[in-house]
Amino acid sequence: MRIEGKGLIDRGQQINFQFDGHSYQGFGGDTLASALLANDIALMGRSFKYHRPRGVLSAGSEEPNALVTTGLGAAQEPNVRATTLELHEGLVTKSQNRWPSLGFDLMSLNDWAAPFLGAGFYYKTFMWPKALWEKLYEPVIRNAAGLGALSGKHNVETYEKAYAHCDLLVIGAGPAGLLAALTAARAGADVILAEEDTRTGGRLNAETLEVDGKPGAVWAEEITAELAQMDNVRIMTRTSVVGAYDQGTFGALEKVPHDVSMRLGAPRECFWRIVAKRAVLAAGAIERPVAFRNNDRPGIMTAGAVRAYLNRWRVATGRNVVVFGNTDEAHRTVADLQDAGVHVSALVDARHHAKCDLDVPFYAGAEVCDAGGGKRLESVTIRTAKGTENVQADCLAMSGGWNPTVNLTCHMGGRPTWDRDIAAFVPVDGAVPGLSTAGACQGDFSTHKCLEAGVAAAQGALDDLGLKRADVVAPAAEDGVYDIYPVYAVPGKGRAWLDFQNDVTVKDVKQAAVENFQSVEHMKRYTTQGMATDQGKNSNVAALAVLADATGRGIPETGTTTYRPPYTPVSIASLGAGAQCKGFAPERFTTSHKATQEKGAPFIEAGLWYRPSYFPKAGETHWRQSCDREVNMVRNAVGVCDVSTLGKIDVQGPDAGAFLDFVYTNAFSTLKVRRVRYGFMLREDGHVMDDGTTARLSEQHFVMTTTTAAAGQVMRHLEFVHQCLVPQMDVRFTSVTEQWAQFAVAGPQSRDLLNDLLDTPIDDESWPFMACGEVSIGGVKGRLFRISFSGEHAYEVAVPSRYGDSLFRTLMTKAEALGGGAYGMEALNVLRIEKGFITHAEIHGRVTAYDIGMGGMVSGKKDCIGKASAARPGMVEESRERMVGLKPVGEVKELIAGGHLFDKGAEAVSANDQGYITSVGFSPTLGHNIALGFLKDGPARHGEVVRMVEHLNGVETLCEVCHPVFFDAEGGRTRG
Amino acid sequence: MRITCPICGERDRREFYYQGAAVALDRPEADAEPEAWVDYVHVRDNPCGMTRDLWYHEHCGSWVVVTRNTATHEVIETALASDIKEQGA
């Protein structure tokens, strides 16, 4: 019910919204919770397990009950806390975990079955038969218990991530945080003030307390206005700091207000990584509920929440309120309610010595032990030394004291300590390097102490930062003594809730202790206490107090569970901002991409690159037709293929040759200028890392090529070898992969095609096999390499990237005129398998030079990376799986990469495994499938028939082991 | 986590590639005993406390030796691997 008074709402701004299909009105500044309460809606959700009717418990981000689903369609968002959801025009919300409706929920039958559904019931009940667990029990339980659901559709909303740096990060903008920020800002520090609420002020917005002779909220507004004018201050409201990480890094989630996020391209949320030289945690405290029978009835909430709804939003949470507490705040709650004209029918103070100077029925040394009602609280039972008494009430304001919000101080392994005086855990100094605490989060519960602590924490940080302290004095404010009589759970029969969100009762925790789950971490997992969106913010301390009691230990000995990030829920969408769809794997296109698309070629991914699979011609209905044609084209005429994706590394310096000798197994210092050599490099453990050709353009200038996928790894490796092993060598590396567009021109007519383009024609004498050098193409300076990955007379021609598109189109047209054309990866693969050339399918990280038949390429005359390890016994044994060719000889002609090899008569089990197939292609040249693979002692078994078994597809093929070079073993075509 | 690159200054760890223990700097002579090579290539300590390891700063291409505490995550010192190597440390 909305009452008179100013509060912090804008009555001039009426906002229409929906909850469960009904329309309501609220005001600017309302949350969904305050607006629903103003409309006398107390029932906002159903509980997780028992489907009990639930109302709002709190007025902050710790809310366990009032979770709703917002939005429609794909953007539907579940489990939004009504207490932090800003009301906006047209907001559509619905309650969760109920069927068919919130008022009439069939699943509330679970509540009647509660005796069978206690802690660990599913571990015990659904043991047998085992097969039913996955098929029946789990789906049924999952369906019955739970929170809201995602839409299941692709979320089209925008999310963002961002980085910020500052001298001082102040977390929380209550009295302590505001003064910490002001002190540091006046000293000239670069300050970020982060506040999860929509406005600064913290508890000052919810209380009637004065600061500096003004209402607290007014004082907070004035300080905020001063901060907002300073260039060295950034105020980030709606920003929850969710995690503390190494070296002053903090994670924070900013929720963008609805009117801004609706603008084109604006994000809904932004995940910040804030790097702060120093930080002050002024996160405040969270009020503890008290466990007693039926303490989960809608209308029962924390006293602090009742004051917040009253003072900030001008909402009376009931017409007839009972207040139950164990500190002076219970009395302040009564005073605030009475001042606002709300009837208070009882003040129940657990402290025996408490005095009351208010005009209200007062019960000292008493407690509330039961609550009546269903979908709304109707009465409470008060127990005193004299007996019990029933009191009518539609709202109970309860307080078990306050828990300092120590969470962030524990994110790097710190554990809080128990402070007996305030009956709560407080943070340990230095638990997060560079972070100090101030105010209620370190157990200072008076407003004045918070203000003083804010100044002091900032001064300390300024000292650390080497800045001169600013002269700020904490203003006059409330400075009461926090006098608490601890009450966690009121004894009695029936179910008393500790964890509202997970339906964990006092009984469940005691049951866990009985069943020997006595460690707090075990109890948590057995009962599920402290899980889900509120992460036990409301229940942890009371639950472990009950556990301590049940196990005969003290609270400090029982300890807390581990506090982990995030402090409040963070959407995966914001963590992954920018990495959705293509953002997850950016696309790299070659200069020939457009021309290739125009030819209708399907693309295949190679790392982030996109390369053509094949170039279909009219009438071709199957990729194999295109592939076979392209292979024949290269073998008989000329083909053109973009090979720009291969890594190109420029290696220069006086020691370039010597350096290459060290990274490659074979020698490169002996390579003549204008010549190319094939080489491969090993990892230091003796296995092959990568292969490729390296050209010597001049005495001190080499260009190395790497395989497409290994370009980054090889670059890093070269830098490693140079900087970490041989820094005395004068050599430098630069990746030039994207600077050059490079095309293979392969086939008997390759030279004819090139001579049609080159400003100075070439012949076998000027450009023999493995020659390289500069050429001029239409006046453009390029490079020409006579190398071949197809086994044909072939070249690779490179031009600066900006000429790539033009050159590719020209090459394609001229090739077509010669009866050739462009070819794709499928044909390239067949061509190289026919020649027994390796790719990373073969050099997959577990093979040695010896295994691929290139042991002789490891030079005996010099040291190189991996040489010592490659020579170890076991790395050069004949029985190793070594490379062979395979061709089908039986009835079945199919070969499959990944298929394993067995002796002809042996059973196809791993104990009999003889090797495996790495590459397969249909050779149009030979008219059958061919494969490369690895076979134990393979080179000695040429001619033997083995059996390929591929279990996934159920294929068995007899194949003959042969030399891996299937075609033109002498290499005459390459040289010709 | 923040690592100070000797060339670029303090940077987020996402800019770095982690290699492993800085033992990799001390490559045995080519003719060293196989045991020395096995130690160099394969055998690593797993200390709780101080450790020296190699990180590659992908932005500038520097290999950096980072001295840090695996228990507290404190970064004590960073230096260019090439400087350490040339100083014979």
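Residue numbers (this note's numbering), protein chains in the order written: chain V, 1 to 976; chain X, 1001 to 1089. C-beta: ideal position from N, C-alpha, C; glycine also.
- With respect to the 8 Å criterion, V:I9 and V:D30 are classified as neighbours on the basis of their beta carbons.
- Within the same chain, T208 come within 8 Å of V:D339 by CB-CB distance, once the 5 residues on both sides are set aside.
- Per DSSP, V:W767 lies in no alpha helix (DSSP H) segment and is marked neither H nor E.
- Closest option to V:G866, judged by alpha-carbon separation, among V:W402, V:F680, V:G821 and V:E738: V:F680.
- Here V:C772 is not near V:R751, since their CB atoms are 8 Å or more apart.
- A straight line joining the alpha-carbon of V:Q13 with that of V:V455 spans about 37 Å.
- Scanning V:S735, V:T734 and V:Y795 for the CA closest to the CA of V:I762 turns up V:Y795.
- Look at X:V1041: its C-beta is under 8 Å from a C-beta on chain V.
- In the DSSP assignment, V:L435 is bridged to V:A279.
- DSSP places V:K936 in the uninterrupted beta strand (DSSP E) bounded by H928 to K936.
- Listed in chain order, the positions of the segment 416-437 of chain V with a beta carbon within less than 9 Å of a beta carbon of chain X are P433.
- About 7 Å separates the beta carbon of V:L408 from that of V:I171, a gap short enough to meet the 8 Å contact definition.
- The beta carbon of V:R716 sits closer than 8 Å to some beta carbon of chain X.
- DSSP, read as helix, strand or coil, puts V:K861 in coil.
- For V:S923, the enclosing beta strand (DSSP E) begins and ends at G915 to S923.
- In this structure, V:F662 places its C-beta atom within 8 Å of the C-beta atom of V:V721.
- Under a 10 Å Cβ-count criterion, V:Y526 is classified as buried, with 16 or more other Cβ atoms of the shown protein chains found around its own Cβ.
- Between the beta-carbon of V:I15 and that of V:G28 there is about 7 Å, and that keeps the pair under the 8 Å contact cut.
- By the C-beta density criterion, V:W112 is exposed, having fewer than 16 other C-beta atoms within 10 angstroms.
- Annotated three-state conformation of X:V1038 is helix, per DSSP.
- Using a Cβ distance threshold of 8 Å, V:Q392 and V:N320 count as a contacting pair.
- Sorting V:G374, V:G373, V:L547 and V:D328 by C-alpha distance to the C-alpha of V:A364 places V:D328 at the top.
- For V:T409, there are no C-beta contacts with chain X under 8 Å, since the nearest C-beta of that chain is about 15 Å from it.
- Between V:S869 and chain X, the shortest Cβ-Cβ separation is below 8 Å.
- Our two residues, V:E826 and V:H622, have alpha carbons roughly 12 Å apart in a direct line.
- Beta-bridge analysis with DSSP links V:A744 to V:C641 and V:E796.
- Boundaries around V:V260 are those of the alpha helix (DSSP H), H258 to S261, since no beta strand (DSSP E) includes it.
- The beta-carbon of X:W1055 is placed no less than 8 Å from the nearest beta-carbon of chain V.
- Between V:S95 and V:L102, the C-beta gap is smaller than 8 Å, which places the two residues in contact.
- With fewer than 16 other Cβ atoms from the protein chains shown falling within 10 Å of its own Cβ, V:L109 counts as exposed.
- Within chain X, the residues whose beta carbon sits less than 8 Å from that of V:C724 are A1024, L1025, L1054, W1063, A1081, S1082 and K1085, listed in sequence order.
- The beta-carbon of V:D246 is placed less than 8 Å from the nearest beta-carbon of chain X.
- Of the residues V:Q652, V:A532, V:E269 and V:C166, the one whose Cα lies closest to the Cα of V:D231 is V:C166.
- Flagged as an interface residue toward chain X: V:D685, by a C-beta distance shorter than 8 Å.
- When 8 Å is used as the limit between beta carbons, X:P1034 is near these residues of chain V: A868 and R872, in chain order.
- Residue environment for V:Y163: exposed (fewer than 16 other C-beta atoms within 10 angstroms of its C-beta).
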